[in-house]
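K.L.:
For the sequence shown, the positions run 0 to 97 when numbering that gives the first Met the number 0 is used.
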Amino acid sequence: MNVPVYIGDEVSAAGYRLAGLRVRVPGEDDVLEVIEATCSEASLVLLGSDAAGRIPRQRLDALLSRVEPAVVVVPDIRARASLPDVAHRLRTQRGVLE
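(1) For Val71, collect the residues of the same chain with a Cβ closer than 6 Å to its Cβ; drop the 5 residues on either side in sequence, then sort them by chain order.
(2) Helix or strand or just coil, what does DSSP make of Ile54?
(3) Could you round the C-beta distance between Ala69 and Leu43 to whole angstroms and report it? I think they count as a contact, below 8 Å.
(4) Should Ile76 be counted as a contact of the ligand GDP given a C-beta to heavy atom distance under 7 Å?
(5) Taking 8 Å as the cut-off, does the segment 7-14 touch the segment 49-60 (at least 3 CB pairs, one atom from each stretch)?
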């Protein structure tokens with residue numbers, strides 16, 4: 000069985016660990032390396048919004064577009080970073096901005 004993985008801050012990671020997920024807490028400079036390594040072994044990657052905010056926009060869009068493994072941005076416990084606006088991103092990609 001392939002267990003989902005949470006990548007993000009230490010406090011949120013503690014909760015996800017209690018829920019049975021594997022967790023990774025990347026440093027400031029190695030977020031992309033941790034995500035790439037995790038994507039090669041997990042079927043679902045939950046990415047904390049704080050960690051997602053440290054990734055270049057184009058790279059984050061590519062990660063969120065993946066089918067295998069699915070990468071989803073989730074809020075962190077401290078709510079320091081907002082979630083990406085998926086509806087706006089989809090409208091932009093489709094060329095139907097309001």
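Ideal Cβ placement from N, Cα and C applies to all residues, glycine included.
P.N.:
With the structure as the only source:
(1) Looking up residue 71 in the sequence shown gives position 72. Here the set comprises Leu45.
(2) For the purposes of this step, residue 54 is taken as residue 55 along the sequence shown, with counting starting at 1. In this structure, Ile54 counts as coil in the three-state DSSP scheme.
(3) Counting from one through the sequence shown, the residue named residue 69 turns up at place 70. Counting from one through the sequence shown, the residue named residue 43 turns up at place 44. Yes, Ala69 and Leu43 are in contact; Cβ-Cβ is about 5 Å, under 8 Å.
(4) With respect to the ligand GDP, the structure shown offers nothing to examine, as it has no ligands at all.
(5) yes
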